[in-house]
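Here the structure comes first, spelled out in structure tokens, and everything after it is commentary.
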Amino acid sequence: MTDKFSSTKFLVMCGLVLFAAFARFIPHPPNFAPIAAMALFGGAYLSNKKLAFIVPFAALFLSDLVIGLYEGIWVVYISFALVVLIGMTLKNRIKIGNVAVASITASAAFFVITNFGVWAMGILYPKTAEGLIACYTAAIPFFHNTLLGDLFYTGVLFGVYEVVKVKFPVLAEAKNS
232 MTDKFSSTKF LVMCGLVLFA AFARFIPHPP NFAPIAAMAL FGGAYLSNKK LAFIVPFAAL
292 FLSDLVIGLY EGIWVVYISF ALVVLIGMTL KNRIKIGNVA VASITASAAF FVITNFGVWA
352 MGILYPKTAE GLIACYTAAI PFFHNTLLGD LFYTGVLFGV YEVVKVKFPV LAEAKNS
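Laid out in structure tokens, this is it:
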């Protein structure tokens, strides 16, 4: 396949990730966001491992610059990297069921890692077993929206890309960047 088609495919994938990053600015319920979907998509479709991390991380960071940086952002970025790795497990296995399981796994990983980070910072909760339990308990209501948002945006990104590949078969044949 020519470099032209490979570049076009890469630009389409980057465009979808940027769309997801832009969606962070649209008013939405708490935690109903495209963050995990961007990471899963990049991990699943970008065969160049460096780009699989760089593209979604760049989109996340640029949108964070607009939204605002905050203490503890590193915990979100660690969980984001794990979600890219989860996306990489989907390579050549992209089916609705696999993508749904990966999305749910990403939601759970994000929940566990970020809330552990909140507890570990020791600002809101004491660094005790009771504090850890209280932290996770307080986060449960937000998990619902995280799960729904991840499933929604993952469905949009993966679905749109698969439709684009059907409409433009040359993209399906092009090597991923």
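FYI, the numbering for the sequence shown is 232 to 408, going by my numbering.
Even for Gly, the Cβ is constructed at its ideal location relative to N, Cα and C.
Between residue 364 and residue 351, what straight-line distance do the alpha-carbon atoms span, to the nearest angstrom? Looking at the two C-alpha atoms, the distance is approximately 12 Å.
Local Cβ density within 10 Å of residue 276, reported as buried at 16 or more and exposed below that: buried
Rounded to whole angstroms, what's the CA-CA distance from residue 373 to residue 262? Just pull it up for me. 6 Å
Sequence-distant residues of its chain with Cβ nearer than 8 Å to residue 297 (five each side left out): 256
Sub-8 Å separation of residue 271 and residue 392 beta-carbons: no
Does the Cβ-Cβ distance between residue 330 and residue 385 come in under 8 Å? yes
Quick check: the region 279-292 against the region 312-321, are there 3 or more CB pairs under 8 Å? yes
In the structure shown, what three-state DSSP assignment does residue 372 receive? helix
Can you tell me whether DSSP reads residue 301 as helix, strand or coil? coil
May I ask you to report which of helix, strand or coil DSSP gives residue 287? helix
How far does the alpha helix (DSSP H) with residue 329 in it reach, from first residue to last? Per DSSP, residue 329 belongs to the alpha helix (DSSP H) from 327-352.
Once you ignore the five residues that flank residue 344 on each side, which residues in its own chain have a CB closer than 8 Å to its CB? Only residues of its own chain outside the window of five on either side were considered, and among them 306, 309, 310 and 313 have a CB closer than 8 Å to the CB of residue 344, listed in chain order.
Using the three-state DSSP reduction, which class does residue 278 fall into: helix, strand or coil? coil
Since residue 334 and residue 382 are thought to touch, with beta carbons under 8 Å apart, how far apart are those beta carbons, to the nearest angstrom? 5 Å
Helix or strand or just coil, what does DSSP make of residue 266? helix
Can you tell me which of 254, 249 and 336 puts its alpha carbon nearest to the alpha carbon of residue 288? 249
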